[in-house]
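This report concerns only the one structure given below.
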Amino acid sequence: MRDILPALADWYTSGHPFGLATVVAVSRSAPRDPGAAMAVGPGDEALGSVSGGCVEGAVFELAKEVMESGEPRLETFGYSDEDAFAVGLTCGGEITLLVRPVTRETDPAFAAVAESVAAGRPVTVATVTDGPAPVGATLAVWPEEVSGTLGSTGLDVAVTADARGELALGATGLRHYGPHGERREDAVTVFLHSFAPPPRMLVFGAIDYAAAVARIGGFLGYRVTVCDARPVFATPKRFPDAVEVVVDWPHRYLSGTDTDERTVICVLTHDPKFDVPLLEEALRRPAAYIGAMGSRRTHDDRMKRLVESGLTESELSRLRSPVGLDLGARTPEEVAVSVAAEIVALRWGGSGAPLTVTGGTIHPST
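In this text, residue positions in the sequence shown follow this note's numbering: the first is 3, and each later residue adds one.
In structure tokens:
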């Protein structure tokens, strides 16, 4: 959804209605997560994807029908062994889509939401998907304000509280309520789609490996910062894929910046005068991933120094070093792929083993 929002905002501000299909629930090996979206707009132009190609044709027709009728629809696509030619997911999973028309009348806050997402301001969009409330009704929830309604004051109050909680976690999913906001499983179903600011990737060490890691970090959706104490190396020209390039001592910069449970920290300097004070700071603060480059000899020396600095066994266990998965990587670009693979595996609980030697579901539960 985030990727196609700028184009959707252009359609919206130009007064062109469009049909928007959003994944609101998945099961088993579904190809896209909740929040994935596809839109059909003026001239039958299609943007985005909800299944990687399996059901896009059917969703295209649904979106056109919804635009013509003005009535939202909730549709589920799965796989039928009985009818191999039916529209469905060849992966064996199941996705549920809410397909709704978007116009200035049906969704007056859409432009403000798109502007917030573009600016990196957090916002959650709550949309009724089922039950005794107007299906397709939306409520936009920011940390300090709300726009729209789901049909009743009680429901709006309950959903606003939950939406802000989900936004703090960057979470997206379905919630269930009674018609007046009671916590119930048998009434109104609401999809909470959180647009938290992109997670941060902090890359320390202005070397060629850092340039490759910054490039793949941006590709994965991180807001990348490169930091090094040496101004001759830490320049925007050398790191065009970074949002910012900072000249400062790494540990000093990190101590003065915010991190959270989604932040990725990559220490690529492999120089103890930079690494040790930096990792002392990093391993004592929230982060999703902390990796440090270096040979096994460098790692052993670094660990000895970190133990001497007073870090606990629990804190040291968070360190991924030597950084990356064992891919046999040699070039900066290959090493960046190795690092990215480890970050993704840690995020989603993957083993890092080839899928050909694993069994069960491809997408591990989170």
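From the three backbone atoms N, C-alpha and C, an ideal C-beta is built for every residue, glycine too.
Asked: Tell me where the alpha helix (DSSP H) around Arg287 begins and ends.; Found: Run containing Arg287: none; DSSP gives neither H nor E here.
Asked: Give the straight-line distance between the Cα atoms of Pro334 and Ala216, rounded to the nearest whole angstrom.; Found: 11 Å
Asked: Rounded to whole angstroms, how far is the Cβ of Tyr224 from the Cβ of Val266, which I believe are closer than 8 Å?; Found: 6 Å
Asked: I think Met39 touches Thr24, with their Cβ atoms under 8 Å apart; what is that distance to the nearest whole Å?; Found: Contrary to the premise, residue 39 reads as Ala rather than Met in this sequence. 5 Å between Cβ atoms; contact.
Asked: Below 8 Å on the Cβ atoms is my contact criterion, and I expect Glu19 with Pro103 to pass it. Report the Cβ-Cβ distance as a whole number of Å.; Found: One detail in the question is off: residue 19 reads as Pro in this sequence, not Glu. Yes, they are in contact, since the Cβ atoms of Pro19 and Pro103 sit about 6 Å apart, within 8 Å.
Asked: Is DSSP giving Ala65 helix, strand or coil here?; Found: helix
Asked: With a 10 Å radius around its C-beta and 16 neighbouring C-beta atoms as the bar for buried, classify Glu315 as buried or exposed.; Found: exposed
Asked: Within a Cβ cutoff of 8 Å, which residues of the same chain sit near Thr15, ignoring the five residues on either side of it in sequence?; Found: Ala113
Asked: Using a Cβ-Cβ cutoff of less than 6 Å, which residues in the same chain neighbour Ser323 once the five nearest sequence positions on both sides are dropped?; Found: Ala294 and His301
Asked: Tell me whether Asp85 sits in a helix, a strand or coil according to DSSP, three-state version.; Found: Below a pLDDT of 50, predicted positions are generally treated as unreliable, and Asp85, at 41, falls in that range; the measurement from the model is reported next regardless. Here Asp85 sits in coil by DSSP.
Asked: Use the C-beta contact count for Gly330: other C-beta atoms within 10 angstroms, 16 or more gives buried, fewer gives exposed.; Found: exposed
Asked: Is Thr126 near Leu169, with beta carbons less than 8 Å apart?; Found: yes
Asked: Can you give the beta carbon distance from Leu285 to Leu256, rounded, assuming they're within the 8 Å contact cut?; Found: Not quite, the Cβ-Cβ distance comes to about 11 Å (not below 8 Å), so this is no contact.
Asked: When you compare the CB positions of Leu327 and Ser311, do they come within less than 8 Å of one another, or not?; Found: no
Asked: To the nearest angstrom, how far is the alpha carbon of Ala231 from that of Asp273?; Found: 12 Å
Asked: If we ignore side chains and look at the alpha-carbon of each, how far apart do Asp46 and Arg4 end up?; Found: 20 Å
Asked: Roughly how many angstroms lie between the CA atoms of Gly43 and Ile6, to the nearest whole one?; Found: 12 Å
Asked: Confirm, please, whether the CB-CB distance from Ser149 to Val174 is below 8 Å.; Found: Just to set this straight, residue 174 is Thr in the shown sequence, not Val. Against a cut-off of 8 Å, the Cβ pair of Ser149 and Thr174 comes out as no contact.
Asked: Around the C-beta of Leu357, are 16 or more other C-beta atoms found within 10 angstroms, so that it is buried, or is it exposed?; Found: exposed
Asked: With a 10 Å radius around its C-beta and 16 neighbouring C-beta atoms as the bar for buried, classify Trp350 as buried or exposed.; Found: exposed
Asked: With the cut-off set at 8 Å, would you say Ala236 and Ala198 are in Cβ contact?; Found: no
Asked: Since Val190 contacts Val143 with CB under 8 Å, what's their CB separation in whole angstroms?; Found: In fact, because the Cβ distance is near 16 Å, the residues do not count as touching under 8 Å.
Asked: Assuming Arg34 and Val61 make a contact with CB atoms under 8 Å, what is their CB distance in whole Å?; Found: Contact flag wrong, Cβ pair sits at about 11 Å.
Asked: Quick one: residues in its chain with C-beta nearer than 6 Å to the C-beta of Asp12, no 5 flanking neighbours on either side, listed in chain order?; Found: none
Asked: Excluding the 5 residues flanking Pro233 on each side, which residues of the same chain have their C-beta closer than 8 Å to its C-beta?; Found: Val249
Asked: Which residue wins for smallest C-alpha separation from Gly122, given the options Lys66, Gly183, Pro200 and Leu152?; Found: Pro200
Asked: Can you tell me which of the three DSSP states Val325 falls into?; Found: coil
Asked: Starting from Ile218, trace the alpha helix (DSSP H) both ways and give me its first and last residue.; Found: Asp210 to Phe221
Asked: Give me, in chain order, the residues of the same chain whose beta-carbon lies closer than 8 Å to that of Leu348; leave out the 5 immediate sequence neighbours on both sides.; Found: Ala290, Tyr291 and Arg322
Asked: Could you check where the alpha helix (DSSP H) with Met295 kicks off and where it finishes?; Found: No alpha helix (DSSP H) holds Met295; DSSP gives it neither H nor E.
Asked: Return helix, strand or coil for Ile6, following the three-state DSSP convention.; Found: coil
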